[in-house]
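See below for the structure under consideration.
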Amino acid sequence: MRAKRLMAQTRFETVSVLRNGEQLLLSLILPLGMLVFLAKTPLLGALRVVADGRDPLTVALPGALSLCLASTAFTGQAIATAFDRRYGVLRQLATTPLGTNGLIFGKLGAVVAVVIIQFLLAFAIALGLGFEGPVDVLSLLVTTLLGTAALLSLGLLMAGTVRAEATLAGANLIWVVMAGVGGLVLAHPGEWGTVVGYLPSGALGDAMRAAVGGAGFDVKALIVLLVWGLLGTLAARRWFRFE
0 MRAKRLMAQT RFETVSVLRN GEQLLLSLIL PLGMLVFLAK TPLLGALRVV ADGRDPLTVA
60 LPGALSLCLA STAFTGQAIA TAFDRRYGVL RQLATTPLGT NGLIFGKLGA VVAVVIIQFL
120 LAFAIALGLG FEGPVDVLSL LVTTLLGTAA LLSLGLLMAG TVRAEATLAG ANLIWVVMAG
180 VGGLVLAHPG EWGTVVGYLP SGALGDAMRA AVGGAGFDVK ALIVLLVWGL LGTLAARRWF
240 RFE
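For the sequence shown, numbering that gives the first Met the number 0 gives the first residue as 0, with consecutive numbering after it.
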């Protein structure tokens, strides 16, 4: 019965995301549109991100995957959970047989389900555009798991401590910053690149670029994601409020 309740909550959370127009825009349309834009325009070459003769998809695809993950695990869940908290949904669900753990695992399951859909679509588009690899599957899985844990824990921390309206504005602003200058989509050289490499967005971008189109494992980036995941989880357990 407990497993059935958890699966039902996961299904409900997943369907809620897929039926929400704003969530679809953030989770699918923008990341996948960016993938096509970076792959088919000379922007990466003009920015000297891609050397002559190198496939731009080796940069565009990991950037799109990272953006997909951040959209779903951080921004989308932060906003949805914040408004559930505001309207009393979290408080009511926490008192049901589902419990707080079931509620959290249901959200995690929904994130995993949506990320799988995002990744399948991103790889299908990339293959249609001529992507030939390389892809380190094990590194991709580890990066996805650690990135999900880090961003989801931080998103829930924001949703459980900040007012819903502030979370809506803040989560969207952080998403834009992560995509633009946070190392999520493109690597940044110099001192700024070193700084963002220790942030969740930069570490996720570095690890994803190593897994897709790169050398495999970026151990430093994975450790950074692991540390952020642990810190975010501990902080959310300590300060998250259901009311």
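Beta carbons: idealized from backbone N, C-alpha and C, even for Gly.
Cβ-based neighbour list, residue i, same chain, cut-off 8 angstroms, excluding 5 preceding and 5 following
i: Leu-120; result: Leu-27 and Leu-31
i: Trp-238; result: Leu-156, Gly-159 and Thr-160
Beta-carbon separation (whole angstroms), residue i vs residue j, contact threshold 8 angstroms
i: Leu-38; j: Leu-56; result: Here residue 38 is Ala; the residue named in the question, Leu, does not match the sequence. Indeed they touch by this definition, with Cβ atoms about 5 angstroms apart.
i: Thr-166; j: Ala-77; result: 6 angstroms
i: Thr-74; j: Leu-25; result: 6 angstroms
i: Arg-90; j: Phe-241; result: 5 angstroms
i: Val-16; j: Gln-22; result: 5 angstroms
i: Ala-186; j: Arg-85; result: Contact doesn't hold; Cβ gap of about 38 angstroms is too wide.
Inter-residue spacing [alpha-carbon to alpha-carbon] between residue i and residue j
i: Gly-179; j: Phe-104; result: 31 angstroms
i: Thr-160; j: Leu-5; result: 25 angstroms
i: Arg-18; j: Glu-190; result: 42 angstroms
i: Leu-230; j: Thr-40; result: 39 angstroms
i: Thr-71; j: Val-114; result: 7 angstroms
i: Val-223; j: Thr-143; result: 13 angstroms
i: Leu-82; j: Leu-183; result: Checking the displayed sequence, the identity of residue 82 turns out to be Phe instead of Leu. Roughly 26 angstroms between the two C-alpha positions.
i: Ser-65; j: Pro-199; result: 11 angstroms
i: Arg-236; j: Leu-42; result: 43 angstroms
i: Ala-45; j: Val-141; result: 32 angstroms
i: Ala-206; j: Gly-212; result: 11 angstroms
i: Leu-60; j: Leu-203; result: 13 angstroms
i: Trp-227; j: Gly-87; result: 29 angstroms
i: Ala-125; j: Ile-116; result: 14 angstroms
i: Val-49; j: Val-58; result: 8 angstroms
i: Ala-7; j: Val-111; result: 15 angstroms
i: Trp-174; j: Lys-3; result: 34 angstroms
i: Gly-154; j: Leu-221; result: 19 angstroms
i: Leu-102; j: Thr-80; result: 11 angstroms
i: Ser-152; j: Thr-232; result: 5 angstroms
i: Val-194; j: Gly-201; result: 8 angstroms
i: Met-177; j: Asp-217; result: 19 angstroms
i: Arg-47; j: Pro-188; result: 11 angstroms
i: Asp-54; j: Gly-192; result: 22 angstroms
i: Phe-122; j: Gly-20; result: 22 angstroms
Contact set for residue i: own chain, Cβ-Cβ below 6 angstroms, skip 5 residues either direction
i: Glu-12; result: Gly-105, Lys-106 and Ala-109
i: Gly-62; result: Val-184
i: Cys-67; result: Pro-30 and Gln-117
i: Ala-234; result: Leu-156
i: Lys-219; result: none
Own chain partners of residue i with C-beta closer than 7 angstroms, once the 5 adjacent residues on each side are dropped
i: Gly-215; result: Asp-135, Ser-138 and Ala-209
i: Tyr-197; result: Val-223
i: Leu-225; result: Leu-145
i: Gly-260; result: Any question about residue 260 goes unanswered here, given that the chain covers just 0 to 242.
i: Leu-97; result: Arg-4 and Gln-8
Distance cut-off 7 angstroms: residue i Cβ against heavy atoms of the ligand MN
i: Val-184; result: With respect to the ligand MN, the structure offers nothing, as it holds no ligand at all.
| message | Pairs of beta-carbons, one from the region 30-50 and one from the region 147-166, closer than 8 angstroms: are there three or more? | response | Touching, no, given that fewer than three Cβ pairs across the two stretches are closer than 8 angstroms.
| said: I want to know whether the region 160-176 touches the region 121-133 - three or more CB-CB distances under 8 angstroms. | reply: As far as the Cβ criterion goes, the region 160-176 does not touch the region 121-133, which means the pair count is below three.
| request: Could you tell me which uninterrupted alpha helix (DSSP H) segments, each at least 4 residues in length, are contained entirely in the region 126-183, listed from first to last along the chain? | output: Whole alpha helix (DSSP H) segments, 4+ residues: 136-158 and 163-179.
| task | Could I get the ranges of all uninterrupted alpha helix (DSSP H) runs contained in the region 32-85, with 4 residues as the minimum, in chain order? | result | You should have 42-45, 56-68 and 76-85.
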